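Sequential numbering from 8 applies to the sequence shown in this note's numbering.
By construction, the Cβ of each residue, glycine as well, lies at the ideal position given by its N, Cα and C atoms.
Remember, it's a predicted structure, so these values are computed and weren't measured experimentally.
Notes follow the structure.
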Amino acid sequence: MMKRIMVLALTMVMLLCIASLGMAKGPTINLWFAGTESPLMKAMNDEILPAFRKAHPDIDLVVTFVPWGDLSTKLTTSFAAKVPPDVFMHGQAATAGFAFNDSIEPLDRSMATLADAG
């Protein structure tokens with residue numbers, strides 16, 4: 008459970024980084040969340056999303072819960088079609104493969120900008 012909480016926290020950090028990059032008012036962020044456990048999806052829907060939406064009312068955050076068993080296939084297909092989600096949750100091994108294939112963008116510069124803004 009602790010590992011999933013860490014993944015969830017990292018997902019929210021990525022969303023906050025994206026939100027803090029000076030995006031135009033009214034952007035839509037598509038988040039694919041690996042959802043199979045009810046308590047985790049309930050926490051996302053009942054606590055995390057409302058808090059994010061309250062803090063960033065100008066951002067339209069669209070969350071799609073994707074079963075773990077379908078996630079890699081859906082992501083691979085979306086990358087090939089050049090219509091991937093803006094942010095997604097996945098395990099380390101799969102994420103490393105997407106990074107190796109240049110399907111995802113490193114957040115190093117975004118994190119550095121966020122740290123400088125503090």
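Judged by pairs of C-beta atoms under 8 Å, the segment 36-55 touches the segment 91-100, as three or more such pairs exist. Looking from the CA of S79, the closest CA among P64, Q99, E112, K61 belongs to Q99. Annotation for D67: the continuous beta strand (DSSP E) segment containing it runs 67-73.
Sequence-distant Cβ neighbours of T102 in its own chain, meaning closer than 6 Å and more than five residues away, do not exist here. DSSP places A41 in no alpha helix (DSSP H) but in the uninterrupted beta strand (DSSP E) bounded by 35-41. Per DSSP, the beta bridge partners of V94 are L38. Distance check between F105 and each of A119, K81, R116 places K81 closest, using alpha-carbon atoms only. By the criterion of a C-beta distance shorter than 7 Å, F72 is surrounded in its chain by F40, G42, M48, once the five residues flanking it on both sides are discounted. Between the alpha carbons of W75 and T120 lies a gap of roughly 32 Å. With distances taken between CA atoms, N108 lies nearest to F86 out of L114, D115, S117, F86.
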